[in-house]
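Taken in sequence, the protein lines are chains A and B.
Mapping to our numbering: the first sequence position 93 is 95, numbers consecutive.
Mapping to our numbering: the second sequence position 286 is 319, numbers consecutive.
Just below is one structure, and these are the notes that go with it.
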Amino acid sequence: MVLFKKRKKKNNLLKKTDQTQVEGPLIFSDMNDNLTYIKNHLNHTADLKIQTIRNGDFETAIVFIETLVDKELIQDKIIDPLFQLKSFKDREDIATVINLETISCSNLSQAVNDLINGNTLLFVSTRAYAFSVNTQKFGNRSITEPSSEKVVRGAHDGFIESLGVNIQLIRKRILNPNLTVKYFSVGKETKTKVALLYMNQLANTYLITEIERRIDSISTDFIMPSSYLEELIEDSSFSPFPQMLNTERPDRTMANLLEGRVVLLVDNTPTALILPVTFFSFYQSPDDYNSRFFLGTFFRIVRLLSFSLAVGLPSLYIAIIAFHYEVLPDQLILPVKSSVENIPFPPLLEALIMLITIELIQEAGIRLPTTIGQTIGIVGGLVIGDAVVSAGLISNTMLVVVAITAISSFVVPSTEMSGSMRIIRFPFMLAAATMGFIGIVFCFMVILIHLCKLESFGTPYFAPLTPLRITDFKDSILRLPIWKLNNRPLDPHPQQLKQQSNSRDWGKDDEK
Amino acid sequence: MKSEHTITQGQLVFYIIQTQIGIALLSLPYTLFKVSKQDAWISILIAGIFVQIFLVIFWLLNSRFPTLTIYEILPKLIGKILGKVMVFLYAFQFTLFSSAVLIFYGHLLKIWVLENTPIFVVILLLVFTGVYLGKQNLRIIARFSVFVSFFLLVLFVLVALSFKDANFLYLLPMAKTGWFTILKGSKEATLAILGFDAYLVIGPFVQGPAKGKLKAVTIANLFVTLFYTYLVVASLAYFSPEEMKIIPEPILYLIKSFSFGVVERTDLVFISIWMVMVTTSFVNYLYIASTGVATLFGQPSHSKFVPYVAGVAALIALFIDNRETIKFFTKFVTNAGMVLVLFLPLILLLISYLTRKKETGVKNY
Chain A
3 MVLFKKRKKK
13 NNLLKKTDQT
23 QVEGPLIFSD
33 MNDNLTYIKN
43 HLNHTADLKI
53 QTIRNGDFET
63 AIVFIETLVD
73 KELIQDKIID
83 PLFQLKSFKD
93 REDIATVINL
103 ETISCSNLSQ
113 AVNDLINGNT
123 LLFVSTRAYA
133 FSVNTQKFGN
143 RSITEPSSEK
153 VVRGAHDGFI
163 ESLGVNIQLI
173 RKRILNPNLT
183 VKYFSVGKET
193 KTKVALLYMN
203 QLANTYLITE
213 IERRIDSIST
223 DFIMPSSYLE
233 ELIEDSSFSP
243 FPQMLNTERP
253 DRTMANLLEG
263 RVVLLVDNTP
273 TALILPVTFF
283 SFYQSPDDYN
293 SRFFLGTFFR
303 IVRLLSFSLA
313 VGLPSLYIAI
323 IAFHYEVLPD
333 QLILPVKSSV
343 ENIPFPPLLE
353 ALIMLITIEL
363 IQEAGIRLPT
373 TIGQTIGIVG
383 GLVIGDAVVS
393 AGLISNTMLV
403 VVAITAISSF
413 VVPSTEMSGS
423 MRIIRFPFML
433 AAATMGFIGI
443 VFCFMVILIH
453 LCKLESFGTP
463 YFAPLTPLRI
473 TDFKDSILRL
483 PIWKLNNRPL
493 DPHPQQLKQQ
503 SNSRDWGKDD
513 EK
Chain B
34 MKSEHTITQG
44 QLVFYIIQTQ
54 IGIALLSLPY
64 TLFKVSKQDA
74 WISILIAGIF
84 VQIFLVIFWL
94 LNSRFPTLTI
104 YEILPKLIGK
114 ILGKVMVFLY
124 AFQFTLFSSA
134 VLIFYGHLLK
144 IWVLENTPIF
154 VVILLLVFTG
164 VYLGKQNLRI
174 IARFSVFVSF
184 FLLVLFVLVA
194 LSFKDANFLY
204 LLPMAKTGWF
214 TILKGSKEAT
224 LAILGFDAYL
234 VIGPFVQGPA
244 KGKLKAVTIA
254 NLFVTLFYTY
264 LVVASLAYFS
274 PEEMKIIPEP
284 ILYLIKSFSF
294 GVVERTDLVF
304 ISIWMVMVTT
314 SFVNYLYIAS
324 TGVATLFGQP
334 SHSKFVPYVA
344 GVAALIALFI
354 DNRETIKFFT
364 KFVTNAGMVL
374 VLFLPLILLL
384 ISYLTRKKET
394 GVKNY
């Protein structure tokens, strides 16, 4: 079976190389024919610039798209040297004067492709070939800390929109020849560059071929952000849980690469996709490793607690108020009863109103500039919070419950997971309102069954809980001291499990 | 061929524990007390010993046919037509077990939690959840069983709290009811301990050497027997014999009697956790039954048949709705279980030894 798959893969590769040799007319020996062809092919776009230079015994035409190139570079490195060149005999003459990455090409379609990529074409009169000089220049955002994934301590750099810079940020951290990059071009119209990064001899080979297979089968006009790619290659799209980790942090990416996971980077997107991941990967943050291990473990447990609060608290409250108020102890019954008594709505409606209000505030707040954002804060916090209670619409206790729920759903250091929690909450609430505790238990079981079933690229999603691997608790649910983590987590099935041997040998030496 | 469905020996332990521990958990001390009075706990220990004997028989049978389920063994040993009939009976028996789970669960919820909700609603909820899990392959069901076993710990701790008010004098005089009565009491525990028969079907899917499998089922049996004994002792020591006579769910009454600062009705928490155990029992039986039906139809995958089996189980559960029919049904299931699950494998084993039929060409690890 495996052999068969491999052969299939090879066939695919062969086909691919065939495709890259673009068919199309060869370059004409008449320069003007070439120029008209290019103009027509680019639909006489206004930013196409053609400059002809007559110098000595030959004429050259410089063709480039001005919005893509570094014009100073062209002036200094192409035009000026050309003027100094007195005679032209063969290709070598040009190559020696231009100190830039230059290739000569003989195919017009290829030349046009290069042109769109920001290269400058150089035609010489009566010669049936062209030079393609790399003069790309793209404006890059500076490297800043991603605003959605801030850490207190640790590195403060983040990915930006340029693929090259992003790969550089990772390579800078892993000075190892085993770090392998594979490029794909995805999107029939956009030809977006996608990079697959993995540690050779560490990442599971089956995993890599499987990802390559899935990427190769993508047939779409364009992929815009990386989430397009995510949806096209993930296992189950109908699951509320994200099956790939989105991160803008190079340090997080690096750590995952060294656990044997695979990273996908898409050009023009500042997020890296990490796969395969487990549920607990979403609850880890570089902060855990930057602080002492007691704290790191404590943070992780607090985050996991936040999951159960964000999902379960409103439904628990609804179930208690609507069905099982006898669960409450005597001292608590009075305050709860007095606050609930005069509310016109059933608890489910009350909770829905408040939670949807919070979703509204959040959606409104995301896209507003910070100056107006304050207004939202005041309207949301003061008016809705306080006034809604004094108007007698919502009970005090419900407000407390909703507030804790809202805060809990933002504790998780991943926006996708936070979104899933916000969605899962609603079926729980409905179940609690119809069946009380029994409904909650059934909802819980269905989610749990789903988590048991879910797989991310052949890795059980809820590992190390199902299947149970106690040894993997060390760096998933807990965060033990670094020197205890001798083995990598098993879930990405790395080729080498051992990650370190005893790093604290000096302890033994001291005893002697 | 079966690689997708194999489970580890650790998973086997929890699969069997979760199949056994289920509906009968809450009423076990009461059912036993009715017969063997203060010696109920000895009855359950003896039941455990019997289970161990049967497990060894199952294991011997499995060792002779390492890759075959009971459904595949039957036609080989007793002929094709009779074998098919027996396969059907087995599958039907397991379906009856799952309807028993549904019936007891539905009625308990009606009494304790949802007085006004029609019983078919709660039953259908469990059936839907069960079908969702039952359709998955064995490995996922086993994973689920392993995970929810953590909740047994909560039950253990909750019951442990009762020991501060326990009066162990209620357990005395020891063994006074007579050994015959104690043995009769053991028979009452059948419904509670049934579930180890799952090994007949999932035994061939377990990885590893045959000895390890025996070890795994022994651990499961030891755990379940001790857990039940613990529950029985706890309720015997907590309630006086007079009280025991009138409370059909002693464990719940016991839990209900103490409260914490934040939770007043602890029994609701207990029931919520118990429901998870019930679901696993239901699903595990569902899986076993639909595997049987799949074998009957010569299909490799059980998934297709899960909804039908669950539907039949639900229909039976919905028709048996009054006290008399439930009593009759319980008796029927217990006795049928005794014959089919306990004694037939013994006969099969004997036939296999006498006719020297065994699976050949398969490496017995």
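The beta-carbon is built from N, C-alpha and C at its ideal position, and this holds for glycine as well.
Note that this is a predicted model, so its numbers are computed, not measured.
| What is the DSSP secondary structure of F240 (chain A), reduced to helix, strand or coil? | Three-state DSSP puts F240 (chain A) in coil, outside helix and strand.
| query | With 7 Å set as the bound, which would you pick, yes or no: does the beta-carbon of V329 (chain A) sit closer than that to a beta-carbon of chain B? | reply | yes
| Inter-residue spacing [alpha-carbon to alpha-carbon] between L45 (chain B) and G387 (chain A) | As the crow flies, the alpha-carbon of L45 (chain B) is around 52 Å from that of G387 (chain A).
| query | Buried or exposed: which applies to W307 (chain B), given that a residue is buried once 16 or more other Cβ atoms fall within 10 Å of its Cβ? | reply | buried
| query | Is any beta-carbon of chain B found at less than 7 Å from that of T188 (chain A)? | reply | For clarity, residue 188 (chain A) is Val in the given sequence; the question names Thr instead. No, no contact with chain B.
| query | Quick check: the region 205 to 222 of chain B against the region 55 to 73 of chain B, are there 3 or more CB pairs under 8 Å? | reply | yes
| task | Report the neighbours of H326 (chain A) on chain B: residues whose CB is nearer than 9 Å to its CB, in chain order. | result | V146, R298, L301
| field | T399 (chain A), enclosing alpha helix (DSSP H) - first and last residue | value | If you look at T399 (chain A), you'll find it in the alpha helix (DSSP H) that goes 398 to 410.
| request: For the beta strand (DSSP E) holding G352 (chain A), just list the boundary residues, first then last. | output: Just to set this straight, residue 352 (chain A) is Glu in the shown sequence, not Gly. Note, E352 (chain A): premise wrong, no beta strand (DSSP E); alpha helix (DSSP H) at 349 to 368.
| message | Please tell me whether Y401 (chain B) and A199 (chain B) are closer than 7 Å, where the distance is taken between their beta carbons. | response | Chain B is shown from 34 up to 398; residue 401 (chain B) falls before or after that span and cannot be answered.
| task | Kindly confirm or deny that the region 75 to 92 of chain B and the region 273 to 289 of chain B touch, where touching means at least three C-beta pairs closer than 8 Å. | result | They do not touch, by the three-pair rule.
| C-alpha distance - V302 (chain B) paired with E148 (chain B), whole-angstrom precision | 17 Å
| query | Listed in chain order, which residues of the region 459 to 487 of chain A have Cβ atoms closer than 9 Å to some Cβ of chain B? | reply | Listed by position, the residues of the region 459 to 487 of chain A near chain B (Cβ gap below 9 Å) are P462, F464, L467, T468, P469, L470.
| request: Could you give the DSSP three-state label for I225 (chain A): helix, strand or coil? | output: coil
| Going along chain B, which residues have a C-beta under 8 Å from G438 (chain A)? | V146, L147
| message | Please return the same chain residues whose Cβ sits closer than 7 Å to the Cβ of I378 (chain A), not counting the five positions on each side in sequence. | response | I363, A366, G367, L370
| field | C-alpha distance - T358 (chain B) paired with L351 (chain B), whole-angstrom precision | value | 11 Å
| query | Using 8 Å as the threshold, is the region 446 to 456 of chain A in touch with the region 254 to 266 of chain A, meaning 3 or more CB pairs across them? | reply | no
| With C-beta atoms as the reference, is V313 (chain A) less than 7 Å away from I409 (chain A)? | no
| Separation of A347 (chain B) from I335 (chain A), as counted between CA atoms | Inter-residue distance for I335 (chain A) and A347 (chain B) is about 39 Å (C-alpha atoms, whole angstroms).
| said: I'd like the list of long-range same chain contacts for E191 (chain A), defined as Cβ closer than 7 Å, with 5 residues on each side in sequence excluded. | reply: Contacts found: D223, F224.
| Quick one: Cα of K41 (chain A) to Cα of Q86 (chain A), how far? | Here the C-alpha atom of K41 (chain A) lies approximately 28 Å from the C-alpha atom of Q86 (chain A).
| message | Between the alpha carbons of V84 (chain B) and K510 (chain A), how many angstroms are there, rounded? | response | Distance between the alpha carbons of V84 (chain B) and K510 (chain A) is about 51 Å.
| Which first and last residues belong to the beta strand (DSSP E) in which S106 (chain A) is found? | 104 to 107
| Hey, does Y165 (chain B) have any beta-carbon neighbour from chain A nearer than 7 Å? | yes
| said: Between the region 117 to 136 of chain B and the region 424 to 439 of chain A, can you find at least three pairs of beta-carbon atoms closer than 8 Å? | reply: no
| query | Is the beta carbon of P483 (chain A) sitting closer than 7 Å to the one on F295 (chain A)? | reply | yes
| Beta-carbon separation (whole angstroms), I76 (chain A) vs T104 (chain A), contact threshold 8 Å | Contact doesn't hold; Cβ gap of about 13 Å is too wide.
| Where does the unbroken alpha helix (DSSP H) through S132 (chain B) begin, and where does it stop? | That run of the alpha helix (DSSP H) goes 113 to 145.
| task | Whole angstroms is fine: what's the gap from T273 (chain A)'s alpha carbon to A48 (chain A)'s? | result | 33 Å
| field | Residue from A:V153, A:L181, A:I442, A:L102 with nearest C-alpha to N1 (chain A) | value | Given that chain A is displayed from residue 3 to residue 514, the structure contains no residue 1 (chain A) and the question cannot be resolved.
| Using the C-alpha atoms, what's the distance from V404 (chain A) back to I521 (chain A)? | Nothing about residue 521 (chain A) can be reported from this structure: the residues present for chain A run from 3 to 514 only.
| message | I want to see whether chain A comes within less than 7 Å of V187 (chain B), judged by CB atoms only; does it? | response | no
| query | So, using beta-carbon positions, are F60 (chain A) and I96 (chain A) closer together than 7 Å? | reply | no
| query | Between L382 (chain B) and the rest of its own chain, which residues show a CB-CB distance below 7 Å, the 5 nearest in sequence each way excluded? | reply | I90, L93, L94
| message | Measuring only the C-alpha atoms, how far is L129 (chain B) from V366 (chain B)? | response | For the pair L129 (chain B) and V366 (chain B), the Cα-to-Cα distance works out to about 7 Å.
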